[in-house]
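Below is one structure, written out as structure tokens; the observations come after it.
There are 2 protein chains.
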Amino acid sequence: MTEAAGLAPRVLAGDLQAAARLMRALDDGLPGAVEALRAIYPHTGQAFVLGVTGTPGAGKSTLVDALVTRLRAAGQKVGVVAVDPSSPFTGGAILGDRIRMQRHALDPGVFIRSLATRGHLGGLSRSTGDAVNVLDAAGFQVVIVETVGVGQDEVDVVRLADTTVVVSVPGLGDDVQALKHGILEIADVLVVNKGDREGADRTVRDLRAMLGLRTSGPQDLEIILTVATRGEGVGELWQAIERHRQSQQATGAFARRRREQAEAQLRAVVVDRLRRRTDAELARLGGITALAEEVAARRRDPYSVAEEITAPAVK
Amino acid sequence: MTEAAGLAPRVLAGDLQAAARLMRALDDGLPGAVEALRAIYPHTGQAFVLGVTGTPGAGKSTLVDALVTRLRAAGQKVGVVAVDPSSPFTGGAILGDRIRMQRHALDPGVFIRSLATRGHLGGLSRSTGDAVNVLDAAGFQVVIVETVGVGQDEVDVVRLADTTVVVSVPGLGDDVQALKHGILEIADVLVVNKGDREGADRTVRDLRAMLGLRTSGPQDLEIILTVATRGEGVGELWQAIERHRQSQQATGAFARRRREQAEAQLRAVVVDRLRRRTDAELARLGGITALAEEVAARRRDPYSVAEEITAPAVK
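As structure tokens, then:
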């Protein structure tokens, strides 16, 4: 048993250092890491997973911070998986743990894991799902997954949540409005943050109108006004989240959603494996650079090269 | 030869209807479509590919519109591949061709293709790359790829460009600032649009400061002020783009970049093929729903199921 594999019992005992090491080992693809994840998996599914997403600039981090404070006051252990916009070259998260939610830094009942949107080739969903499972197994009762709600990967990540909060803000342009429209379809509870700003009422009306155009899900979602920087409306928000969670459980929608989550995670793990395998096959064929050179010179086309790379995988 | 395969000679003759049909056939995975793409591929690589990206609300579409007008006045045929934020459920582009650049609607020297960010599972890059190749083969001298510069897929798409313009705007919040920081690393030319707004000078200074932190590429990029709605600064922008293109060609950076583009496209095609194959394998194993049910109930774990799904592909 490799070192990483030995982390499972410690994670299950709530050892945060072991949890952090296992997450890193998973992202680095270390031997034994998946073995540890398998060992903890039967103990997962206990945590309530809350997704928080929304347009850039809406104050999501501050709102998540306020939710964490509230949940801590109620004695709940809270994990946060924050998917940060990141540098495409360094792969590092730009906001990073360091500047996020510093006031919870010394609280062992809060665990914050930042994931960069880059450097997770096909694996952002997998990486997020793994982190949620590790926190769940380590005994966190609530796990908050926070993402910038733009882009396919970011939306996919939110599919791992039991309840999804979409955060808006007054006074954004048409372009952002269109984005908002896109993520509205995955919303269970809506928030208008910076609710003391001019135009907040209009934003609520606009959202209400947009909800009327939803093609799936209920159109009568709760819309909560918050001022996250002052903690205003955060209690009301949590109550709305609780109501959504309870109505889901009452109707059986919760179980259906959990199956969808399992499906999303399964897909993420499969795609991640295939990507790794492709890299190995590329290396075997002399590396992608040499092949790309042939393609760039138009001596070969990418479609037939791709066929060659993936051919051995055909049954 | 299927119908789609027969489109290649018509595309090469500049038949726009055939080009549109081929793009649709590729996205629908129709038989013969890839065959047609292979046939046209040796004739591609002629067009100059310009990437335009930036924060939501920066006025990218208007700027692209203004660039198209300018290029048309110079007698150039211009293709536009616009990656629009889209509904996660319907998969449709929200902005859509209809409301985009209507004033070029009757001009046969302009071809606009909108792609939704959703509904291209692992295939947004592939789909964009295919569209660029078709437009290139159909004789468009400039192909503009426009994306919302947030999210991994969107950034990957811009890797298909010879020159990338990153569009900013005065007066956005910190969160957006962080995003901007992320896409700054792929910039070749910077634009501050809505340059008549208060704070435009400060935005230029901020960008200059951020550029100093770039870990790769030159730090002395040109920063152009534009007011796209009035066409102001668009001439200067095009000159800056031309200067970048020429300096690339003079230094050999152009060829390196073309190889990187080929690499990005090759990867995209491979991943797309693997995704399709996975779906087929999942269907063979009784569909993902049944497997997800087992995982959701914690009777199985996603990692061992993924191993089973991908096992036949192991050499």
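Sequence order for the protein chains is A and B.
Residues 131 to 445, numbered by this note's numbering, are exactly what the first sequence covers, in order.
Residues 131 to 445, numbered by this note's numbering, are exactly what the second sequence covers, in order.
Note that the Cβ used here is the ideal one computed from N, Cα and C, for glycine as well.
Check, Outcome
"Within-7 Å CB hit, S217 (chain B) to chain A", "Note on S217 (chain B): pLDDT 44, under 50, position unreliable in the model; no value is reported."
"Cβ pair E424 (chain B), R430 (chain B) closer than 7 Å", "yes"
"L225 (chain A) burial status per 10 Å Cβ neighbour count (16 or more: buried)", "Since pLDDT at L225 (chain A) reaches only 48, below the 50 mark, its modelled position is unreliable, and the value read off the structure follows with that caveat. Burial call: buried."
"Chain C contact for R389 (chain A) (CB, 7 Å cutoff)", "Of the protein chains in the structure, A and B, none is chain C."
"Min CB distance T408 (chain A) to chain B below 7 Å", "yes"
"Per DSSP, the bridge partner or partners of L245 (chain B)", "B:V213"
"Through-space distance from L290 (chain B) to E133 (chain B), alpha-carbon basis", "28 Å"
"Terminal residues of the alpha helix (DSSP H) in which L197 (chain A) lies", "K190 to A203"
"Cβ neighbour criterion (16 or more within 10 Å) applied to Q147 (chain B)", "exposed"
"Proximity test, Cβ basis, 7 Å: Q379 (chain A) and chain B", "no"
"Extent of the continuous alpha helix (DSSP H) to which E437 (chain A) belongs", "P432 to T440"
"Local Cβ density within 10 Å of S377 (chain A), reported as buried at 16 or more and exposed below that", "exposed"
"F178 (chain A) versus A:V240, A:A441 and A:R375, residue with shortest Cα-Cα distance", "A:R375"
"Closer than 7 Å to chain B by CB, G221 (chain A)", "Confidence is the limiting factor: at G221 (chain A) the pLDDT is only 41, short of 50, which leaves the residue's position unreliable, though a coordinate-based value still follows. Cβ-Cβ to chain B under 7 Å: no for G221 (chain A)."
"Bridge partners - G181 (chain A), DSSP secondary structure assignment", "A:V275 and A:T294"
"Contacting positions in the region 132 to 146 of chain A - beta carbon closer than 7 Å to chain B", "none"
"I371 (chain B), DSSP secondary structure in three states", "helix"
"A380 (chain A) to E366 (chain A) span [Cα, whole Å]", "21 Å"
"Contact set between D431 (chain A) and chain B, taken where Cβ atoms lie within less than 7 Å", "R168 and Y171"
"Cβ shell of G175 (chain A) (< 6 Å), same chain only, five flanking positions each side left out", "none"
"Contact check, A383 (chain A) vs R256 (chain A), beta carbons under 7 Å", "no"
"Contacts around R151 (chain A), its chain only, beta-carbon distance under 7 Å, and the 5 residues preceding and following it disregarded", "L137"
"Element boundaries [alpha helix (DSSP H), containing E411 (chain B)]", "A383 to R414"
"N-terminal and C-terminal residue of the beta strand (DSSP E) that V357 (chain A) is part of", "First-last for V357 (chain A): undefined, no H or E at that position."
"Contacts of E328 (chain B) in chain A (Cβ-Cβ under 9 Å)", "The contacting residues do not exist; E328 (chain B) stays about 15 Å from chain A at best."
"C-beta neighbour in chain A for L265 (chain B), strict 7 Å", "no"
"Test: R386 (chain B) CB closer than 7 Å to a CB of chain A", "no"
"Beta-carbon gap between F149 (chain B) and A268 (chain B) smaller than 7 Å", "This sequence places Ala at residue 149 (chain B); Phe is not what is there. Yes, these two residues count as a Cβ contact at 7 Å."
"For D318 (chain A) and L343 (chain A), believed in contact at Cβ under 8 Å, the rounded distance", "17 Å between Cβ atoms; not a contact."
"Nearest-angstrom Cα separation, counted from L415 (chain A) out to G205 (chain B)", "44 Å"
"Residue interval of the beta strand (DSSP E) (run including L320 (chain B))", "V319 to V322"
"Identity of the residues DSSP links to E352 (chain A) by a beta bridge", "A:V319"
"For A143 (chain A) and A246 (chain B), the rounded distance between their alpha carbons", "45 Å"
"Cross-chain neighbours of S434 (chain B) in chain A, by beta carbon under 8 Å", "R168"
"Any C-beta of chain A under 7 Å from that of V164 (chain B)", "yes"
"Rounded straight-line distance, which links the Cα of N323 (chain A) to that of L180 (chain A)", "17 Å"
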